[in-house]
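*Asks:* Here's a structure for you.
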Amino acid sequence: MQVTRALLSVSDKTGIVELARELAACGVALLSTGGTYKLIKDNGIAVQEVAEYTGFPEMMDGRVKPLHPKIHGGILGRRGQDDGVMEQHGIGRIDLVVVNLYPFAATIAKPGCTLEDAIENIDIGGPAMVRSAAKNWKDVAVLTDASQYATVIAELKATGQVSRKTKFALGVAAFNRISQYDGAISDYLSAVQVGEDAPADAEAPKLDLFPGQSNGRFIKVQDLRYGENSHQSAALYRDLYPAPGSLVTAKQLQGKELSYNNIADADAAWE
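The sequence shown maps to residues 1087 to 1357 in the numbering used here.
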């Protein structure tokens, strides 16, 4: 199915103008919100603001701007199955969703970050759109990182659509991103001390040394030749944000594929 309409709403605007320009050149109609809309428009690219498209104004400092049936219906609608109800309610297809999230992890990493600042950087509309698009991956491509833009543009230029393989991979990456995002929020809030004697919202909160919940977030580095024993399978994973200089950041210069024992020996030598 051809990509006819795209929704762009990003916090990190790296590469978004170039992406918007390429999409417009491919004949894709653009929808956008807030600062993303202004940036695209200021660069002379045709774009429609979501508030105009839905007929519902932004409110509450933008908290509910994309939470509308014309947005989520356009993303979640199953092509060939929900076409009738979409037409009945004036819901147009949204075939491409480009969303990255409020910088929660970067915000709480700042010295003196207040609980109020942290809460305001918990994205609601962004994850909702990402989850909707990822769930409907067969019909909708979802981009959550600027590194994905080039692949999708190349496919659109070649065929006017995004391949099934690419859409599935993008959907998986989107759910992974949401998982990482929610894990960071859970880790932080599980450590915050809130009580009658706790600092005010305008002050940095006290954090427990050991939070009530800790969420592991690991990314696969590579398959290993075998596990601790030759008949076993194994793979190497790293933290989402590995410590610089740690073993998982090393580059193999030569030799055959690593095994579990190679990794264990290298770790022992490094220690």
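Note that CB positions come from ideal geometry on N, CA and C, so glycine has one too.
This structure is a prediction, so every number in the text was calculated from the model and none was measured.
1. Please state whether DSSP places Lys1221 in a helix, a strand or coil.
2. Three or more beta-carbon pairs under 8 Å between the stretch 1239-1258 and the stretch 1121-1128, yes or no?
3. Assuming Ala1115 and Thr1090 form a contact by the criterion Cβ under 8 Å, report the distance between their Cβ atoms to the nearest whole angstrom.
4. In the DSSP assignment, what are the bridge partners of Pro1134?
5. Count the other CB atoms within 10 Å of the CB of Ser1118; is the residue buried (16 or more) or exposed (fewer)?
6. How about the stretch 1263-1281 and the stretch 1126-1135: do they share at least three Cβ pairs that are nearer than 8 Å?
7. On a Cα-Cα basis, can you pick out the residue from Glu1104, Phe1142, Trp1223, Met1087 that is closest to Ala1232?
8. Would you list the one or two residues that DSSP bridges to Val1183?
9. Give me, in chain order, the residues of the same chain whose beta-carbon lies closer than 6 Å to that of Tyr1346; leave out the 5 immediate sequence neighbours on both sides.
10. By the 10 Å Cβ neighbour count, where 16 or more other Cβ atoms means buried, how is Ala1236 classified, buried or exposed?
11. Assuming Phe1304 and Tyr1327 form a contact by the criterion Cβ under 8 Å, report the distance between their Cβ atoms to the nearest whole angstrom.
12. So within the stretch 1248-1331, which uninterrupted alpha helix (DSSP H) runs reach at least 4 residues, ignoring any that extend past its ends?
13. Let's see if you can read the secondary structure: which residues bound the alpha helix (DSSP H) around Val1238?
14. With C-beta atoms as the reference, is Ser1097 less than 8 Å away from Pro1152?
15. Assign Tyr1188 to one of three DSSP states: helix, strand, or coil.
16. Closest to Gln1338 by C-alpha separation, out of Glu1357, His1317, Val1307, Ala1329, would be which residue?
17. Quick one: grab the DSSP three-state call for Lys1127.
18. Select from Gly1160, Thr1245, Gln1167 the residue whose C-alpha is nearest the C-alpha of Arg1179.
19. Kindly indicate the opening and closing residues of the alpha helix (DSSP H) around Val1150.
20. If you draw a straight line from the alpha carbon of Gly1302 to that of Glu1173, how long is it in whole angstroms?
*Replies:* Short version:
1. Position 135 of the sequence shown, counted from the start, is the residue given in the question as residue 1221. Three-state result, Lys1221: helix.
2. With a cut-off of 8 Å, the stretch 1121-1128 and the stretch 1239-1258 do not count as touching, because too few Cβ pairs lie within range.
3. In the sequence shown, the residue the question calls residue 1115 occupies position 29. In the sequence shown, the residue the question calls residue 1090 occupies position 4. So it is a contact: roughly 6 Å between Cβ atoms.
4. The residue labelled residue 1134 in the question sits at position 48 within the sequence shown. For the record, residue 1134 in the displayed sequence is Gln; it is not Pro. In the DSSP output, where bridge partners are listed per residue, Gln1134 has Leu1117.
5. In the sequence shown, counting from the first residue as 1, residue 1118 sits at position 32. Its Cβ being crowded by 16 or more others within 10 Å, Ser1118 is buried.
6. no
7. Taking the first residue of the sequence shown as 1, we reach residue 1232 at position 146. Checking every option, the nearest Cα to that of Ala1232 belongs to Glu1104.
8. Residue numbering aside, residue 1183 sits at position 97 when the sequence shown is read from its first letter. Partner(s): Leu1093, Val1228.
9. Sequence index remark: in the sequence shown, residue 1346 carries index 260 (1-based). Excluding positions up to five away in sequence, the list reads Leu1310, Gly1313, Glu1314, Ala1320.
10. In the sequence shown, counting from the first residue as 1, residue 1236 sits at position 150. Ala1236 comes out exposed.
11. Position 218 of the sequence shown, counted from the start, is the residue given in the question as residue 1304. Position 241 of the sequence shown, counted from the start, is the residue given in the question as residue 1327. Not confirmed; about 11 Å, so no contact.
12. 1250-1277
13. Looking up residue 1238 in the sequence shown gives position 152. Its alpha helix (DSSP H) spans residues 1235-1245.
14. In the sequence shown, counting from the first residue as 1, residue 1097 sits at position 11. In the sequence shown, counting from the first residue as 1, residue 1152 sits at position 66. Not closer than 8 Å, so no.
15. Counting from one through the sequence shown, the residue named residue 1188 turns up at place 102. Here Tyr1188 sits in coil by DSSP.
16. For this step, residue 1338 is matched to residue 252 along the sequence shown. Closest by alpha carbon: Val1307.
17. Counted from its first residue, the sequence shown places residue 1127 at position 41. Here Lys1127 sits in helix by DSSP.
18. Translated into positions along the sequence shown, residue 1179 becomes position 93. Of the candidates Gly1160, Thr1245, Gln1167, the one whose C-alpha sits nearest the C-alpha of Arg1179 is Gly1160.
19. Along the sequence shown, one-based indexing puts residue 1150 at 64. Segment: none, Val1150 is in no alpha helix (DSSP H) and carries neither H nor E.
20. Your numbering for residue 1302 matches position 216 in the sequence shown. Your numbering for residue 1173 matches position 87 in the sequence shown. In a straight line, the C-alpha of Gly1302 is about 44 Å away from that of Glu1173.
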